[in-house]
Structure formats: C-alpha cells, structure tokens
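Q: This is the structure I have questions about; it appears just below.
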Amino acid sequence: MSLRSYRGHPVIVTFIDPVCRNLCPLQAKVLDQAVREMPVSRRPAILAVSVDVYADTRADLLRDFRKWELVRQWRWAVGSRARLTAVWRSYKIAVAVSRVKVRGTTITSITHTSAAYIVDRTGHERALFLWPFYPQDVVHVLRQLPS
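Taking numbering that gives the first Met the number 0, the leading residue of the sequence shown gets 0, the next gets one more, and so forth.
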C-alpha cells in the first residue's frame with residue numbers, strides 16, 4: 000500500500016468498510032460524484048483503504064463497486080491487519096472493532112474515522128475532509144491542483 004505508483008497524478012485516499020451499509024456508501028457516493036464532475040483527463044484515482052480486515056475479500060469489494068456504481072478510478076487497498084493498522088495510524092484514522100453476541104451469533108461491528116485526503120501529484124496532502132463533506136468542496140480542491 001504505497002502512493003508511489005500514483006506519483007505524477009492526484010489521488011484521493013479514503014477509508015471504507017467494504018460491508019458497511021451506513022456512512023461508507025454515502026461517503027463513497029460523494030467522492031464518486033466529485034470525481035465524475037472532473038474532466039476525464041483530470042480525474043484522480045480514489046484509493047479506498049479497507050478498515051475491515053474481516054470483510055475485505057475480492058467478492059466484498061466487487062459487490063460494493065457494482066452496488067455503489069463507482070467510476071473506474073476506484074482502487075481498494077487491502078492487506079494484513081498489521082499493514083492496514085500502520086496506514087490508519089499514518090493518516091490518523093481511528094478504527095474500533097466491537098463484537099456482540101446475538102442469539103448465539105457473534106456480530107462484528109467496525110467504527111472508524113470517516114475521512115478523505117486529497118494528495119497532489121507530488122505526494123503532498125493538500126486537503127482533509129471529515130464526514131460530512133460535499134462533492135462541490137472536493138471538486139473545488141481538485142480544480143486548484145496543478146495539472
């Protein structure tokens with residue numbers, strides 16, 4: 000999980016639970032809408048870092064990609080708990096896992112900081128958005144970035 004491969008291009012780094020059905024789909028929709036408003040030649044990649052090591056399989060990610068109707072600029076960053084934890088810490092993202100038993104079944108719930116960073120083509124963080132944020136605010140920052 001490195002931004003090196005994105006050098007020379009802007010990227011939005013966000014943190015998503017692939018099986019979340021609350022805020023994550025809303026945040027994904029806002030970021031997706033912002034990217035759609037950009038000219039195709041200036042669209043940044045969107046790197047969605049998983050915050051749920053228990054449910055970030057390829058099937059989970061593909062289901063979200065289709066269900067949320069995301070633009071092709073989305074990429075998922077998954078990895079071991081240790082690697083993801085290092086990424087979360089470097090971006091100051093809090094992730095809390097809780098488990099409850101309901102009728103003998105253990106339910107895992109993930110709570111996390113809902114954030115999106117705009118990183119410019121040189122790898123510098125130019126903006127941080129904390130939920131709730133709006134597409135027009137993201138677009139405003141993206142348009143300010145040098146091409």
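Beta carbons are placed, not taken as given, at the ideal position from N, Cα and C, and that holds for glycine.
Here the structure is a predicted model, which means the values were calculated and not measured.
Can you tell me the Cβ-Cβ gap for Ala47 and Thr13, rounded? I've got them flagged as a contact below 8 Å.
A: Confirmed, Cβ separation roughly 5 Å.
Q: Do you know offhand how far Pro9's Cα is from Thr104's?
A: Between Pro9 and Thr104, the C-alpha separation is close to 43 Å.
Q: Could you tell me which residues DSSP puts in a beta bridge with Val48?
A: BP columns for Val48 point to Phe14, Ala76.
Q: Could you say which of Trp130, Thr107, Leu144, Asp59 lies nearest to Glu124 if we only look at CA atoms?
A: Among Trp130, Thr107, Leu144, Asp59, the Cα nearest to that of Glu124 belongs to Leu144.
Q: Would Val106 be called buried (16 or more neighbouring beta carbons within 10 Å of its own) or exposed?
A: The sequence shown places Ile at residue 106, rather than the Val named in the question. Classification for Ile106: exposed.
Q: For the beta strand (DSSP E) containing Lys100, name the first residue and the last one.
A: Lys100 -> beta strand (DSSP E) spans 94 to 101.
Q: Should Gln26 be labelled buried (16 or more other beta-carbon atoms within 10 Å of its own) or exposed?
A: With 16 or more Cβ atoms within 10 Å of its Cβ, Gln26 is classed as buried.
Q: Candidates Arg82, Arg102, Lys28: which alpha carbon is nearest Ser1's?
A: With distances taken between Cα atoms, Ser1 lies closest to Arg82.
Q: So, are the CB atoms of Asp59 and Val18 less than 8 Å apart?
A: Yes, they are a contact pair.
Q: My output table needs one value for Ser108: the three-state DSSP class, helix, strand or coil.
A: Ser108: strand per DSSP, three-state reduction.
Q: How would you write the range of the beta strand (DSSP E) that Leu2 sits in, first residue to last?
A: Note, Leu2: premise wrong, no beta strand (DSSP E); not H, not E.
Q: Let me confirm a value: Ala115 is counted as buried when at least 16 other C-beta atoms fall within 10 Å, else exposed. Which label applies?
A: Label assigned to Ala115: buried.
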